[in-house]
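Visitor: Taken in order, these protein sequences are the chains called S and L.
Mapping of the first sequence onto the working numbering: position 74 corresponds to residue 74, and the numbering continues sequentially without gaps.
Mapping of the second sequence onto the working numbering: position 35 corresponds to residue 35, and the numbering continues sequentially without gaps.
Built from N, CA and C at the ideal position, the CB exists for glycine as well.
The following block contains the structure, expressed as structure tokens.
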Amino acid sequence: MKIKNPVKQLIVAFALSLALVMPAWADDQSKATAHFSAEQNTEIEGIIHTYLLAHPEVITEAMQKLQDQEKQAEDQRLSEAAKGVKPVNAEDHIRGDVNAAVKVIEFSDFECPFCKGFHATMEQVMTDYEKDGKVAWVYRHFPLDQIHSKARKEAQAAECAAEQGGNKAFWAYADRLFEIAPSNNRLDLAQLPIVAKDTGLDQAKFETCLQGDQRGGKFAAHIEANEQDGMASGGTGTPYSLVINSKGHIFPVNGAMPADAVKAIIDAALKEE
Amino acid sequence: MIVQALAQVFSRGWYVALAAMIALATFVLTTWLGNLGLVWQIATSQWLPIADKVKILLALIGSISTNFTIFSASCAIAIAILFGMNIAVITYVFREHRRLGSQSGQIVTATSLGGLVGGLFGIGCAACGTFVLSPALAFLGAGTLITLLPFGGEEFGALGVGLLSLSLVMSTRRIGQPMLCQVTLLTQPTFNTKEY
Numbered sequence: 001m002k003i004k005n006p007v008k009q010l011i012v013a014f015a016l017s018l019a020l021v022m023p024a025w026a027d028d029q030s031k032a033t034a035h036f037s038a039e040q041n042t043e044i045e046g047i048i049h050t051y052l053l054a055h056p057e058v059i060t061e062a063m064q065k066l067q068d069q070e071k072q073a074e075d076q077r078l079s080e081a082a083k084g085v086k087p088v089n090a091e092d093h094i095r096g097d098v099n100a101a102v103k104v105i106e107f108s109d110f111e112c113p114f115c116k117g118f119h120a121t122m123e124q125v126m127t128d129y130e131k132d133g134k135v136a137w138v139y140r141h142f143p144l145d146q147i148h149s150k151a152r153k154e155a156q157a158a159e160c161a162a163e164q165g166g167n168k169a170f171w172a173y174a175d176r177l178f179e180i181a182p183s184n185n186r187l188d189l190a191q192l193p194i195v196a197k198d199t200g201l202d203q204a205k206f207e208t209c210l211q212g213d214q215r216g217g218k219f220a221a222h223i224e225a226n227e228q229d230g231m232a233s234g235g236t237g238t239p240y241s242l243v244i245n246s247k248g249h250i251f252p253v254n255g256a257m258p259a260d261a262v263k264a265i266i267d268a269a270l271k272e273e
Numbered sequence: 001m002i003v004q005a006l007a008q009v010f011s012r013g014w015y016v017a018l019a020a021m022i023a024l025a026t027f028v029l030t031t032w033l034g035n036l037g038l039v040w041q042i043a044t045s046q047w048l049p050i051a052d053k054v055k056i057l058l059a060l061i062g063s064i065s066t067n068f069t070i071f072s073a074s075c076a077i078a079i080a081i082l083f084g085m086n087i088a089v090i091t092y093v094f095r096e097h098r099r100l101g102s103q104s105g106q107i108v109t110a111t112s113l114g115g116l117v118g119g120l121f122g123i124g125c126a127a128c129g130t131f132v133l134s135p136a137l138a139f140l141g142a143g144t145l146i147t148l149l150p151f152g153g154e155e156f157g158a159l160g161v162g163l164l165s166l167s168l169v170m171s172t173r174r175i176g177q178p179m180l181c182q183v184t185l186l187t188q189p190t191f192n193t194k195e196y
């Protein structure tokens, strides 16, 4: 578009200039209002100081709100972590009340020497907590094939015990197996049916159930699922335990802790109930 | 000479306290390392009373008797003590050399610190492997290498003890040596004795 009239040219030029200058000027004005003078700062501080002295409950409310926000963030983080753990269900082997407020999910390997020690520790812990029905102990398989090639077969054997005699038979078998196993892959697998007989099971039925490949026979999928669950929840070795309360807070415990430590963690989990 | 040098350092209460403090901290950290996530969770929990936090954290130290074999527990204790002694001796050497304006203390410190770092590789527990090497090897995709070792990785505990002992010996030797400025003659002397 051509403007031939010089006056009109001047008006257009002025309008264009104004259009360019206006935003900068407005910005400058807003910056000016954000910067208070020293006297104004002092006055504002005085107003805040006077207000807080007149309404000290505001500080308490603010602190409470901050704590609530932090707790919410922590709950969120823990619930995210809990999503990696399969909830306790009917397929699990549970000692104690299935509706207990705190559950100790233990991922274990029958050839692991530390699992053997921790099994005895958990028995001691359950002696103290089982009668109140506040704590349940859940056993899940986590055979470490790389160093304990016999562990998966032993896991299968424990499942055969459960198939024949239920939850009680599983625990009796697991207790006896940990008791006699020398650990570190030194158990003679021919002992497995003998343990079944020792715990009151039908040995012939047990031996039939125990047939199958080294992956766990007909329980291969269940044992594998336990293993995957352990890895998904952060387990890298055994024993690996998760102390979970009904609010979803998880305390992951690596390795075999002494009874005092386990009880202290359980007490902490119960305290939040 | 090493014994005399150690006696010289630890005749001063301050260095004994330093060594004891570092040793204790190292020992506690060793027992906690396998459960650092739990330790952090307990320590930063918003709803757990402080008394309960202290109770749990102290109880976790008891894992030295359940999470460690006799050998790995012995190594852990030895590493903690040697680490504390090393820090105290290195601090002594560095301070003495700095007091006298000598630069050689820095060389000793650098060398000894190398031994200290090497010693840290030995920290671990039998149930959970070595804390530094296991994650490092796993990162490189070679985590199973440790399981192939005859003692499942516990060799690194002995290695840690060895490196820290070596570091201590090297540091204490420096204490026994006189601090002097070495003069190197570049050429044969040219003065004629007959003139004197």
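At a CB distance below 7 Å, what residues from the segment 59 to 75 of chain L approach chain S? Give them in sequence order.
Guide: Within the segment 59 to 75 of chain L, the residues whose Cβ lies closer than 7 Å to some Cβ of chain S are A59, L60, G62, S63, S65, T66, N67, listed in chain order.
Visitor: Between the C-alpha atoms of Y173 of chain S and G84 of chain S, what's the straight-line distance to the nearest angstrom?
Guide: Approximately 29 Å between the Cα atoms of the pair.
Visitor: Checking contacts by CB at 8 Å: is E61 of chain S closer than that to chain L?
Guide: no
Visitor: Exposed or buried, which one is T42 of chain S when buried takes at least 16 other CB atoms within 10 Å?
Guide: exposed
Visitor: Would you tell me roughly how many angstroms separate the C-alpha atoms of F131 of chain L and F156 of chain L, rounded to the nearest one?
Guide: Caution is warranted here: a pLDDT of 48 is assigned to F131 of chain L, below 50, making its placement in the model unreliable, and no coordinate value can be reported.
Visitor: Is it true that the CB of Q41 of chain L sits closer than 8 Å to the CB of E70 of chain S?
Guide: no
Visitor: From M126 of chain S to G96 of chain S, what does the alpha carbon distance come to, in whole angstroms?
Guide: 8 Å
Visitor: What does DSSP give as the partner residue(s) for Y139 of chain S in the beta ladder?
Guide: Beta-bridge pairing links Y139 of chain S to S:H93, S:E106.
Visitor: With 8 Å set as the bound, which would you pick, yes or no: does the beta-carbon of G255 of chain S sit closer than that to a beta-carbon of chain L?
Guide: yes
Visitor: Any beta-carbon of chain S closer than 8 Å to the one on E157 of chain L?
Guide: The residue asked about is misnamed: residue 157 of chain L is Gly in this sequence, not Glu. So, not an interface residue.
Visitor: Residues of the segment 45 to 58 of chain L in Cβ contact with chain S at a cutoff of 7 Å, in chain order, please.
Guide: Q46, W47, L48, D52, K55, I56: these are the residues of the segment 45 to 58 of chain L whose beta carbon lies less than 7 Å from some beta carbon of chain S, given in chain order.
Visitor: Using a Cβ-Cβ cut-off of 7 Å (strictly less than) and excluding sequence neighbours within five positions of K103 of chain S, which residues of its own chain qualify?
Guide: Excluding sequence neighbours, K103 of chain S sits near V88, A136, V138, I244.
Visitor: On the three-pair Cβ rule with 8 Å, is the segment 232 to 243 of chain S touching the segment 253 to 262 of chain S?
Guide: The segment 232 to 243 of chain S vs the segment 253 to 262 of chain S: in contact.
Visitor: Please look up how many angstroms separate the CB atoms of N185 of chain S and K131 of chain S, rounded, as I've assumed it's under 8 Å.
Guide: Actually they are not in contact, since the Cβ atoms of N185 of chain S and K131 of chain S sit about 36 Å apart, beyond 8 Å.
Visitor: I'd like to know whether the C-beta of G117 of chain S is nearer than 8 Å to at least one C-beta of chain L.
Guide: yes
Visitor: So if I threshold CB-CB distances at 7 Å, which residues from the segment 89 to 112 of chain S count as touching chain L?
Guide: none
Visitor: How about E159 of chain S and F107 of chain S: are their beta carbons less than 8 Å apart?
Guide: no
Visitor: For V89 of chain L, which of helix, strand or coil comes out of DSSP?
Guide: helix
Visitor: Taking F142 of chain S and E227 of chain S to be in contact with their CB atoms under 8 Å, please state how far apart those CB atoms are, rounded to whole angstroms.
Guide: 6 Å
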